[in-house]
Each structure stands twice: as structure tokens, then as C-alpha cells.
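Student: Residue numbers for the first sequence follow the working numbering, so the first one is 280 and each next one is one higher. Each residue gets a CB set at the ideal place from its N, CA and C atoms; glycine is no exception.
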Amino acid sequence: MRMKERKRNPASPPLRAVYAELFAAFGPQKWWPGRTRFEVMVGAVLTQNTAWTNVEKAIRRLRRERVLQPQALHAVETATLAEWIRPAGYFRLKADRLKSLTTALMRDFDGNLNRCFKLSDEDLRAWLLAVKGIGPETADSILLYAAGRAQFVVDAYTRRVLERHDWLAAHASYDEVARLFMENLPRDVALYNEYHALIVQLGKTYCRPQPRCASCPLRHRLPR
DNA sequence: GACCAGGCACATC
DNA sequence: GATGTGCATGGT
280 MRMKERKRNP
290 ASPPLRAVYA
300 ELFAAFGPQK
310 WWPGRTRFEV
320 MVGAVLTQNT
330 AWTNVEKAIR
340 RLRRERVLQP
350 QALHAVETAT
360 LAEWIRPAGY
370 FRLKADRLKS
380 LTTALMRDFD
390 GNLNRCFKLS
400 DEDLRAWLLA
410 VKGIGPETAD
420 SILLYAAGRA
430 QFVVDAYTRR
440 VLERHDWLAA
450 HASYDEVARL
460 FMENLPRDVA
470 LYNEYHALIV
480 QLGKTYCRPQ
490 PRCASCPLRH
500 RLPR
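Spelled out as C-alpha cells, the structure:
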């Protein structure tokens, strides 16, 4: 490849320093805000492209209806489920996705999460990704926050923060971004848990589509 | 009233 | 493999 055609590699992100600054700025985030493993799984689906405040309303309704267990949720009519989760947005779509999750749980583990979570990291990730409606971020959120596996979660904020600091190659894939963190940090569930939550907090507060860099703890400025 | 939110599947090129 | 589109409520 000739020089002028070669893509410039982005600077390697100072991941430990960034973590330290975010933790100093925001403190512990205490994620995931869910009471049980299954509630975390349901929340992971409901929060797809949706603000958590809207998800909370739907979760409260499901709790009130006493269906936050695989068998119970599976038994609910899809149309009824859709009405219960309406405040979370995309409610018909997400009712189908929750149903496809409980269908897979019933089919493969008789609705027993202990059996499901006996799978290896790799097998559990593959099993989740095979469920229609569960993509890489939702699968990894479940791996990290429900199953306690050391899998880094990448979301739109993660990508945006890295891109704005010129720490990410153009068009990097989901798995490439996840690997960037996992190959440059200790494989530590508690660290990945806190780091992703801190990035979300940073993103919500400062790294928005319309940037608010002025008082951002990472002290980055746009435009460069 | 416009913009945005803790994505994903599918169609099309 | 890349890009565009539908899905929907509620907060700012």
C-alpha cells in the first residue's frame, strides 16, 4: 500500500486515565439498576435506543403484574405485554423481542436461568445473539450485568466519545471497539461494569449529539 | 415543536 | 460490506 493511501491509525486511548477521571468526576454508578437477573435481561431489551426513565415505567408495570420471571412473562399474551410496556417506546417490537427471549429460555432451559447461566462466556453470548431482537450490545449488557461475565459493553456513547477524541479508526466494528477495551484493561467484571456506566453518564451529560464540552471532565474541546 | 434516547432487523445497492 | 429505514414514547 502506498503511503498516501494508508489510513492514519488513531491515537491509542489512555483508557486507565480516562477511567480515573470519570470515576473522580461522577463516582460509583451502582449499575445495573435491576433487582434480579431476569429483570436485568428484560431491562436490557426495553432500553434499546430508549431513555432509562421510560424503561422504569414499563418495569414497574411488569413488577406490579408479577411477570418478572421467565415462565410468567412467557405466559402473557403479546398484545397485553405490549400495552404494559408501552411507555418504553417501540412497544410492539419490544413485546415480540421479550417473547422471543422467553421462548428461547423455555425451549432450551425450561425457563431456568441457573441452567442458562451455566453456559460458558462464549456459548452464552452465542445463545443470546441467536435470539431475534438481541444484538451485540443487548447480549453484552446481559453477559456483564446479569451473568457477571467480564464482557465490555459498547454503546453509541462509547463510540461517540472515542471518535471525538480521535481514538477510534473510522467504521470500527462493534467487536473491534469492545476488543480495544478488553485488550488494554484487566479482565475485571467490576471494572467493566463501572466503566460502561461512567461512559453513559459522561455521554448523557456532555458527549451529546450537540456537544457540551465546556465543563466535561475529559477536558476535550470541539472543534479541534 | 424539534431533538434525543443505554439498538436491532431488514431491504437495497 | 455499507447505508437507509421503520419502530414510538416521554423528557428537555
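Start and end of the alpha helix (DSSP H) containing GLU455?
Tutor: Unbroken alpha helix (DSSP H) run through GLU455: 453-461.
Student: Helix, strand or coil, according to DSSP, for MET282 in the structure here?
Tutor: Low per-residue confidence applies at MET282: pLDDT is 41, beneath 50, and the placement is therefore not dependable, though the value from the model is reported in the following sentence. MET282: helix per DSSP, three-state reduction.
Student: Go through its chain and collect everything with a Cβ distance to VAL346's Cβ below 7 Å, but skip five positions before and after it.
Tutor: Here the set comprises LEU352, VAL355.
Student: In angstroms, rounded to a whole number, what distance separates the CA positions of GLU357 and THR329?
Tutor: What sits at residue 357 in the sequence shown is Thr, not Glu. Going by the C-alpha atoms only, they are around 20 Å apart.
Student: Helix, strand or coil: which one does DSSP assign to ARG428?
Tutor: Correct three-state label for ARG428: coil.
Student: Answer with buried or exposed for ARG295, where buried requires no fewer than 16 other C-beta atoms within 10 angstroms of its C-beta.
Tutor: It is exposed - the Cβ of ARG295 has fewer than 16 other Cβ atoms within 10 Å.
Student: Taking three-plus beta-carbon pairs below 8 Å as touching, is the region 370-381 in contact with the region 406-420?
Tutor: Touching, yes, given that three or more Cβ pairs across the two stretches are closer than 8 Å.
Student: On a CA-only basis, which of THR484, ASP445, ASP467, VAL433 is nearest GLU416? Give me that one, please.
Tutor: Taking only the C-alpha atoms, the option nearest GLU416 is VAL433.
Student: TRP446 to ASN472, Cα distance in whole Å?
Tutor: When rounded, the distance between both Cα atoms is 21 Å.
Student: Can we say the region 451-469 touches the region 482-500, given the rule of at least three CB pairs closer than 8 Å?
Tutor: No: fewer than three Cβ pairs fall under 8 Å.
Student: Indicate whether TRP363 and ALA323 have their beta-carbon atoms separated by less than 8 Å.
Tutor: No, they are not a contact pair.
Student: Check whether the Cβ atoms of ARG376 and ALA361 lie closer than 8 Å to each other.
Tutor: Going by C-beta atoms, ARG376 is not nearer than 8 Å to ALA361.
Student: Helix, strand or coil: which one does DSSP assign to LEU481?
Tutor: Helix at LEU481.
Student: My parser needs the alpha helix (DSSP H) runs of 4 or more residues fully inside the region 308-333; what are they?
Tutor: List check, alpha helix (DSSP H) in window: 316-325.
Student: In whole angstroms, what separates the C-alpha of TYR474 from that of MET385?
Tutor: Distance between the alpha carbons of TYR474 and MET385 is about 33 Å.
Student: LYS373 to MET320, Cα distance in whole Å?
Tutor: Distance between the alpha carbons of LYS373 and MET320: 12 Å.
Student: Around the Cβ of ALA426, are there at least 16 other Cβ atoms within 10 angstroms (buried) or fewer (exposed)?
Tutor: Buried, since its Cβ has 16 or more Cβ neighbours within 10 Å.
Student: Please return the same chain residues whose Cβ sits closer than 7 Å to the Cβ of VAL440, not counting the five positions on each side in sequence.
Tutor: The answer, listed in chain order, is ILE478, LEU481, GLY482, CYS486.
Student: Can the beta-carbon of PHE317 be found less than 8 Å from the beta-carbon of LEU392?
Tutor: The answer is yes: Cβ separation under 8 Å.
Student: What residue does the alpha helix (DSSP H) around ALA358 start on, and which one ends it?
Tutor: Run containing ALA358: 357-363, per the alpha helix (DSSP H) assignment.
Student: So is SER291 buried or exposed if we call it buried at 16+ other beta carbons inside 10 Å?
Tutor: Flag for SER291 reads exposed.
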